[in-house]
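K.L.:
To start, I am sharing the structure in question, which I have written as structure tokens.
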Amino acid sequence: MKTNKETGPDGISIEMIQCLDELGVDIMTKLINKIYDTGELPEDLTKSIFIALPKTPGATECELHRTISLMSHGTKILLKILMMRMKSKTRPEIAKEQYGFMPDKSTRNAIFILRMIIERSIEVKHDIYLCFLDYTKAFDKVKHDNLFQILEQLDIDGKDLRLIRNLYWNQKAAMKVNNDTSPRTVGCCSHIAAAIWFLGYERYQSTTNRQPSSTNATNIQNADDISDFEPSSNDEDNSYIYISK
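For the sequence shown, counting from 1, position 17 maps to 17 in full-length UniProt numbering; every step adds exactly one.
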């Protein structure tokens, strides 16, 4: 895991864990194995702190802030293990056009590809129509019960699924503003939310009538931001109407 990261509510940094060497590995292994076998999480691993960072100077509205979640590094290790265990079943379900939270891909790649498509269209004098979509609070508004049903349909291991459920439903979060911290309330396991949301989005796409007519890409995805491109304004209008529904 990367170093020089802010600690969670327990105050334990990743550097502290790394300094324990083999002893730390043994302790973490025993702890995570116990959590995995029982499905029960220590209270410290269910706590997180939300910090709102302004997107623009002097921002006062909630919509103009970006929220980051500070959680225990022990929780992050557990989540990484879960995601690695599920990768063989979840990765094939995610579209190749998805560049958000994906290994060996980044926003830079998505922007570069989109720019090359536009430049090529200008070069050959072909029209191209773009529609930029941003699903507002996408990870927060999905119906988690439906997402868990998708994981069950993918035959995710029962213990993995139980642990993900417990991480979602039992997590508590507090909001920190300046040096003041609010009372704790129900939080969300954000580190794994993106991967599960991608599965829900792809499953929804597959159950609609909007199926790709060829292997050519018609959109670029960066998490919940979608850039849809079509050769005509009518096609782009139809895409927008479809997505709006």
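Positions of the beta carbon are idealized from the N, C-alpha and C atoms, including for glycine.
Roughly how many angstroms lie between the CA atoms of Gln221 and Ala52, to the nearest whole one?
P.N.:
One-based indexing of the sequence shown puts residue 221 at position 221. One-based indexing of the sequence shown puts residue 52 at position 52. Their Cα atoms are separated by approximately 25 Å.
K.L.:
Evaluate the contact criterion for the region 165–180 versus the region 116–129: three or more CB pairs, one atom per stretch, below 8 Å.
P.N.:
no
K.L.:
So for Phe198, helix, strand or coil by DSSP?
P.N.:
Taking the sequence shown and counting its residues from 1, the one referred to as residue 198 is at position 198. The answer is helix: DSSP assigns Phe198 an H, G or I state.
K.L.:
In three-state terms, what does DSSP make of Asp104?
P.N.:
Counting from 1 along the sequence shown, the entry for residue 104 is found at position 104. Of the three classes helix, strand and coil, the one that applies to Asp104 here is coil, per DSSP.
K.L.:
Three-state secondary structure (DSSP) at Thr38?
P.N.:
Taking the sequence shown and counting its residues from 1, the one referred to as residue 38 is at position 38. Shown here, Thr38 sits in a helix according to DSSP, grouped into three states.
K.L.:
Ile68: buried (16+ other C-beta within 10 angstroms of its C-beta) or exposed?
P.N.:
Start at 1 with the first residue of the sequence shown, and residue 68 comes out as number 68. Ile68 should be labelled exposed.
K.L.:
Counting Cβ pairs closer than 8 Å, one from the region 1–21 and one from the region 68–86, do we hit at least three?
P.N.:
yes
K.L.:
What does Tyr99 pair with, by DSSP beta-bridge criteria?
P.N.:
Reading the sequence shown from its first residue, position 99 is the one you call residue 99. Answer is none; Tyr99 lacks a bridge partner.
K.L.:
Whole angstroms is fine: what's the gap from Cys131's alpha carbon to Leu114's?
P.N.:
Taking the first residue of the sequence shown as 1, we reach residue 131 at position 131. Taking the first residue of the sequence shown as 1, we reach residue 114 at position 114. It is roughly 12 Å from the alpha-carbon of Cys131 to the alpha-carbon of Leu114.
K.L.:
Once the 5 residues before and after Phe198 are set aside, which same chain residues still bring their CB inside 7 Å of it?
P.N.:
As a working note, residue 198 is residue 198 in the sequence shown. Excluding positions up to five away in sequence, the list reads Ile94, Gln98.
K.L.:
If you drop the 5 nearest sequence neighbours on each side, which residues of the same chain put their C-beta closer than 6 Å to that of Arg165?
P.N.:
As a working mapping, residue 165 is identified with position 165 in the sequence shown. Nothing meets the Cβ criterion.
K.L.:
Alpha carbons only, please: which of Pro57, Val177, Ile226, Tyr168 is nearest the one belonging to Tyr201?
P.N.:
One-based indexing of the sequence shown puts residue 201 at position 201. Of the listed residues, the one whose Cα sits closest to Tyr201 is Ile226.
K.L.:
Quick one: is Phe112 buried, meaning 16 or more other Cβ sit within 10 Å of its Cβ, or exposed?
P.N.:
Here residue 112 refers to the residue found at position 112 of the sequence shown. Per the 10 Å Cβ criterion, exposed.
K.L.:
What residue ranges within the region 112–157 form continuous beta strand (DSSP E) runs of no fewer than 3 residues, ordered along the chain?
P.N.:
129–134
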